[in-house]
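Quick note: the sequence shown uses full-length UniProt numbering, first residue 1, plus one each step.
We put the beta carbon where it would ideally sit given N, CA and C, even for glycine.
On a predicted model such as this, the values are computed, not experimentally measured, just so you know.
Here's the structure, in structure tokens; my notes come after.
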Amino acid sequence: MIIWWIGGHEVISGIIQLGVITAFIAYVSQFYGPINNLSNVLPFIQQSLTSAERIREVLEVKPEITNPENPKKPSMPAEIVLDHVYFGYDPHFPVIKDVSIRIKPGEKVAIVGKSGSGKSTIAKLLLRFYDVNEGKITIGGVNIKEIDLNYLRKKIAYVPQDVVLFDTTVGYNVAYGDENVNEVDIVKACKIARIHDEIVRLPFAYDTILGERGTYLSGGQRQRLSIARAIVKNPDMLIFDEATSNLDVVSEREVYEAMMSVSRGKTVILVTHNVHEVMNADKVIVLNQGRVIEEGKPEELLNKKGAFYEMFKEQINEENIFRKLEISEPKFNFVNDNIKIESSERRSVVNVIYDGKKYNGLIPKMLFPITNPKFIGFYDENGNEVFLLEDYTKLDKNSRKILETALAYNNLIFSVKKINEINIKGDQLEWDLVTDRGEVTAYTVGRRNVILLDSKVVLIDKNDNLYEIDLNNLDKNSFKLLAETV
1 MIIWWIGGHE VISGIIQLGV ITAFIAYVSQ FYGPINNLSN VLPFIQQSLT SAERIREVLE
61 VKPEITNPEN PKKPSMPAEI VLDHVYFGYD PHFPVIKDVS IRIKPGEKVA IVGKSGSGKS
121 TIAKLLLRFY DVNEGKITIG GVNIKEIDLN YLRKKIAYVP QDVVLFDTTV GYNVAYGDEN
181 VNEVDIVKAC KIARIHDEIV RLPFAYDTIL GERGTYLSGG QRQRLSIARA IVKNPDMLIF
241 DEATSNLDVV SEREVYEAMM SVSRGKTVIL VTHNVHEVMN ADKVIVLNQG RVIEEGKPEE
301 LLNKKGAFYE MFKEQINEEN IFRKLEISEP KFNFVNDNIK IESSERRSVV NVIYDGKKYN
361 GLIPKMLFPI TNPKFIGFYD ENGNEVFLLE DYTKLDKNSR KILETALAYN NLIFSVKKIN
421 EINIKGDQLE WDLVTDRGEV TAYTVGRRNV ILLDSKVVLI DKNDNLYEID LNNLDKNSFK
481 LLAETV
């Protein structure tokens, strides 16, 4: 209004021509978009600067625990020995006092005691987050201070009470950035951890974004995902640090089954208050104020009626006290490319011929629709998983064509060819796109629904449809629009 008022006065006075004010207003209007974009970007710049400062502080801290000059890599699993160990976070106030423990390879050991008795501290000493003040810890006869740190922590998987998950895909959270882990490894780990079926039901299965610290999952699901992360490392020893605490009864049971499933043939240390975990252990160590006060098989300690008995007597069901939980083996129902796909009466459903048998009415679904759309699961009408196919592009031409038609009905993914315009409307972005299915307008809410994965940008609209933008094949104008906005 000010421009119109002043400009109009100048035109009426004959100082400037009408075309000048028209051009001036046209130029000014071109500033609105960049200024609006800048106001949206500034909070993220400030947040990034704060985060960068925290990262810099961490990088500049000199680690107290360093790799030895001549690191050793003892064969594992091996016997673990704590020999008269003393430790305190402040050396003048020890929390571990003269502890001696011997753990055999493949043994399942429960460490119990009141809060503050030093249970979790022992777990951290075994991972060498800290060094002992007195005594020593040996693995396979080698002092832990002489063992290669990376080797040690690769061989030992730690599942804490508070799970750290990132605001990225399920698959990435399981792989934890390990490039050697592939989709088959991830799926197998999640099956063992009893979380695969629930992941498949998420909007984008293994490519679903979990939210900050995994806020879109329940406590039990987060714990089982953490167990899957431990499994995918293929460790020789597992440490579960209060992994089932603060869970409801159902979630506790599910997490416990996952723990028992993964622990077969491995050395396991259970830091716990859970009577089921304790009673299924080979040996129990009872701590009190940093000292070992009882040690032995759970049955022996119960009969002794000492500190262990007093700790668990109210939780024990006499009828089931010595019952060992039977854990079923997960089904790894992977099929190779020697299958045939036939069409059915419905285009979204296929028939599969495998090993001489025909399976009718199976629904195909992409398990990694963004990062690896070739990985397919087949499900019956009740949602039960029948087959997993790692790479459908290896099928014969006719099978592949029928399957791709069905996938198009079951997984709505647009391939973006061009970006005409992006409009910012509060926390919502309006995208005018040219896709493989024609021109569409998509609406995304919040920055977390615009995802950068490798050389792709993926949009998730308000209806959970996917729009895939390949940065390598994007024209210059579209790339410029994307860079200016996102």
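With DSSP collapsed to three states, give me the class of residue i.
i, result
"Asp432", "strand"
"Pro330", "coil"
"Glu69", "coil"
"Asp470", "strand"
"Asn420", "strand"
"Ile370", "coil"
"Pro43", "helix"
"Glu319", "Any reading at Glu319 needs caution, since the residue's pLDDT is 42, under 50, leaving its predicted position unreliable; the model's value is listed next. DSSP places Glu319 in coil when its eight states are reduced to three."
"Ile21", "helix"
"Asn477", "helix"
"Val349", "coil"
"Lys124", "helix"
"Val275", "helix"
"Leu301", "helix"
"Thr215", "coil"
"Ser343", "strand"
"Lys394", "helix"
Please report the residue range of the beta strand (DSSP E) in which residue i lies.
i, result
"Ile80", "80-87"
"Arg253", "Not the beta strand (DSSP E): Arg253 falls in the alpha helix (DSSP H), residues 249-262."
"Arg291", "291-296"
"Leu453", "450-453"
One question on the structure: do residue i and residue j come within less than 8 Å of each other, judged by their Cβ atoms?
i, j, result
"Leu225", "Ile186", "no"
"Lys456", "Asp470", "yes"
"Val99", "Val286", "no"
"Lys108", "Asp241", "no"
"Pro74", "Val142", "yes"
"Val85", "Thr138", "no"
"Leu453", "Thr371", "yes"
"Tyr130", "Phe93", "no"
In terms of alpha-carbon separation, which member of the options lies closest to residue i?
i, options, result
"Pro330", "Asn180, Leu452, Ala193", "Ala193"
"Thr168", "Lys374, Gly438, Gln221, Asp207", "Asp207"
"Val95", "Val61, Leu59, Val132, Lys358", "Val132"
"Glu257", "Ser48, Asn303, Lys191", "Lys191"
"Ile239", "Asn472, Asn463, Lys154, Ala175", "Lys154"
"Gly438", "Ile422, Lys418, Ile424, Ile451", "Lys418"
"Ala23", "Gly7, Ile15, Ser13", "Gly7"
"Glu79", "Val250, Gly171, Met260, Ile269", "Ile269"
"Lys114", "Gly377, Ile363, Val271, Gly446", "Val271"
"Thr441", "Asp83, Asp461, Leu126, Asn449", "Asp461"
"Pro105", "Ala157, Tyr151, Asp236", "Asp236"
"Ile103", "Lys297, Val445, Ile339", "Lys297"
If you follow the alpha helix (DSSP H) that residue i is in, where does it begin and where does it stop?
i, result
"Ile231", "219-232"
"Arg102", "Counting along the chain, Arg102 falls outside any alpha helix (DSSP H), though it belongs to the beta strand (DSSP E) covering 96-103."
"Arg153", "149-155"
"Glu390", "From DSSP, Glu390 is part of no alpha helix (DSSP H); its letter is neither H nor E."
"Tyr309", "307-312"
"Asp185", "183-192"
"Asn410", "397-410"
Here's a check: name, in chain order, each residue in its chain whose Cβ is nearer than 6 Å to the Cβ of residue i, leaving out the five neighbours to either side.
i, result
"Glu319", "Because Glu319 carries a pLDDT of 42, less than 50, the predicted location of this residue cannot be relied on, and no value is offered for it."
"Tyr216", "Leu210"
"Ser348", "Ala406, Tyr409, Asn410"
"Asn420", "Asp432"
"Gln47", "none"
Quick one: residues in its chain with C-beta nearer than 8 Å to the C-beta of residue i, no 5 flanking neighbours on either side, listed in chain order?
i, result
"Thr435", "Phe414, Ser415, Val416, Lys417, Tyr467"
"Leu403", "Ile341, Val350, Pro364, Ile376, Tyr392, Leu395"
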